[in-house]
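J.:
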Amino acid sequence: VQVEGSVVGEEEPKLTPTVFTWSHGGKEVYVIGTFNNWKERIPLSHSQSDFTAIIDLPQGTHQYKFIVDDEWKYNPDHPTIPDQSGAMNNYLEISDEDEMLSLDPGSIVTPVGSPPGTYGQEMPVFDRGTKPPPTLPPHLLQVILNAEPVSDEDNSILPVPNHVVLNHLYALSIKDHVMVLATTHRINQKYCTTVLYKSV
């Protein structure tokens, strides 16, 4: 499937064949996203255990979602990002180095090693002419400890956390001589938040 969007007289954008996979059941599965302005449902072909489609996408960041038996769903096996209304979408980034991008989690390779550069034990000298360090991104301020419970009946049920806050250690302001630390981890399709209390 090729995504529309070319203009006559302009150079054709480089398209990367991208494999979309859904392996969470269903009878009819479609994919839709920002690459076609959320307008056209693209059907996925059913194989033995999952549904797949190959779509030629231009470079950039694309959000998408699956429609499974007329129900909009995101794939928990792929990276997620909340939209403006707070609903979760999947997303992917395509660079000019990608020749074919597979969204199969087993094909993702984690880079090994440290970034290039020199390392040592000496503290770098702060140069007042350099720029100050960047401010904390606003989405990291959405700590799950500050979120309102989803259920009025059970206060332990919390909303699904934003993927960017996972694996961070958060400390709340000290109140009544108690410090609160918390971290959230993703385990398959579930999230586990560990909260530590320390008297100070």
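Residue numbering for the sequence shown follows our numbering, beginning at -7 and increasing consecutively.
All residues carry an ideal CB built from backbone N, CA and C; glycine is no exception.
Within 10 angstroms of the Cβ of TRP64, are there 16 or more other Cβ atoms? Answer buried if so, exposed if not.
T.: Classification for TRP64: exposed.
J.: For ILE47, is the classification buried or exposed, using 16 other Cβ atoms within 10 angstroms of its Cβ as the cut-off for buried?
T.: When all chains shown are included, ILE47 counts as buried.
J.: Using the Cα positions of LYS6 and SER87, report the straight-line distance between them to the nearest angstrom.
T.: In a straight line, the C-alpha of LYS6 is about 10 Å away from that of SER87.
J.: Distance check for THR44 and THR13, CA to CA, integer angstroms please.
T.: Using only the alpha carbons, I get a separation of about 5 Å.
J.: Return the chain-ordered list of same chain residues with a C-beta closer than 7 Å to the C-beta of PRO68, the five sequence neighbours on each side being excluded.
T.: If we look at PRO68 and ignore the five residues flanking it on each side, its Cβ neighbours are GLN181.
J.: Quick check on ILE74: does DSSP put it in helix, strand or coil?
T.: A small fix is needed here, since residue 74 is Pro in this sequence, not Ile. Strand, per DSSP.
J.: When the Cα atoms are used, what is the spatial distance from ILE34 to LYS167?
T.: For ILE34 and LYS167, the distance between alpha carbons rounds to 53 Å.
J.: So what does DSSP say about VAL117, is it helix, strand or coil?
T.: Note: VAL117 maps to coil in three-state DSSP.
J.: Per DSSP, which one or two residues make a beta bridge with PHE43?
T.: PHE43 is bridged to TRP14, HIS38.
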